[in-house]
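Novice: Submitted below is the structure of interest, expressed as structure tokens.
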Amino acid sequence: MLGGIIVLAILGYFIWKKTEKVKADNLPVATRRLCYLPIVQFIFCVFFCSISFAFDGNLPKDEINQFIEDHEFVGDLSSALLGLDLTADQVTMYMLTESLHSKATYILIGSFIMMLVQIVGSSRTKLDKLVIEVIAAVHTICVFYIGNLLGEAFQFMLNQIGTIKLINAISEDTSSSMWGVVAIWIVPFHYLYHYVLEKYYTQSVQENEISE
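In this text, residue positions in the sequence shown follow the working numbering: the first is 3, and each later residue adds one.
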């Protein structure tokens with residue numbers, strides 16, 4: 003947690019300095035700056051989706067899983083007496099994997115379309131600045147969504163291993179979701195993106211007024 007706070011502080015300071023530079027710089031904003039965030043979003047989406055497609059859903063099995071498969075009555079006794087199911091739920095794993103692949107396909111296509119809309123719509127000022135920022139926010143949410151689905155599928159796969167089931171049964175679950183922490187980290191980039199768009203659109207309006 004402390005490490006995350008330190009990284010966030012360093013990242014926030016870096017983005018703040020870049021934002022101040024954008025505000026103070028009298029030179030026109032380079033069009034390529036409008037591409038940074040959309041391209042980074044798409045790269046992360048491709049990364050998560052590629053791992054999702056490579057996820058085949060086959061559960062790894064240890065000695066406990068194999069023992070339970072060979073001696074089903076032990077698994078039945080464990081479920082009845084201890085309430086602990088040591089069998090691996092392969093069917094649910096396959097269903098999660100199929101859903102993951104399907105959603106990854108749609109999100110990857112959507113991410114590519116949103117990247118193009120953000121770049122083309124902003125660079126030619128065809129779309130309102132607010133619309134571009136909303137699309138960027140949706141783009142980020144989609145990236146985190148597929149990343150979270152991938153994490154849940156991987157966590158479910160690990161929890162089906164017999165040894166992990168026993169560890170979870172005798173110890174408290176102290177795991178915490180990193181969704182909120184990572185989401186906070188992306189806020190500074192949207193903050194910088196906002197000021198780059200604002201300055202670019204302001205300059206475009208001024209150029210149009212001068213040309214008229």
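For each residue, glycine too, the CB sits at the ideal point set by N, CA and C.
Under the rule that 16 or more other beta-carbon atoms within 10 Å means buried, what is serine 54, buried or exposed?
Specialist: buried
Novice: Report the residue from Gln92, Leu39, Val145 whose alpha carbon sits nearest the alpha carbon of glutamate 120.
Specialist: The sequence shown places glutamine at residue 120, rather than the glutamate named in the question. The shortest C-alpha separation from glutamine 120 is found at Leu39.
Novice: If you reduce the DSSP assignment to three classes, tell me which class threonine 107 lands in.
Specialist: helix
Novice: Check whether the Cβ atoms of leucine 110 and valine 48 sit closer than 8 Å, and answer yes or no.
Specialist: yes
Novice: Measure the C-alpha to C-alpha separation of glutamate 100 and serine 52 and round it to an integer number of angstroms.
Specialist: A direct Cα-Cα distance of roughly 14 Å separates glutamate 100 from serine 52.
Novice: So the candidates are Ile45, Ala32, Val31, Asn60; which of them puts its Cα closest to the Cα of glutamate 160?
Specialist: Reading off the sequence shown, one finds leucine at residue 160, where the question assumed glutamate. Minimum Cα distance to leucine 160 is reached at Asn60.
Novice: By how many angstroms is the C-alpha of glycine 112 removed from the C-alpha of aspartate 58?
Specialist: Near 23 Å, if we compare the C-alpha coordinates of glycine 112 and aspartate 58.
Novice: If you draw a straight line from the C-alpha of tyrosine 202 to the C-alpha of leucine 151, how long is it?
Specialist: 36 Å
Novice: Below 8 Å on the Cβ atoms is my contact criterion, and I expect glutamine 205 with valine 31 to pass it. Report the Cβ-Cβ distance as a whole number of Å.
Specialist: 6 Å
Novice: Whose C-beta lies closer than 7 Å to the C-beta of lysine 105 among residues of the same chain, with five residues either side of it excluded?
Specialist: Sequence-distant partners of lysine 105 (beyond 5 residues in either direction) whose C-beta falls short of 7 Å from its own C-beta, in its chain, are Ile148, Leu151.
Novice: On a Cα-Cα basis, can you pick out the residue from Val122, Phe158, Val145 that is closest to cysteine 37?
Specialist: Closest by alpha carbon: Val122.
Novice: Helix, strand or coil for arginine 34, going by three-state DSSP, please let me know.
Specialist: helix
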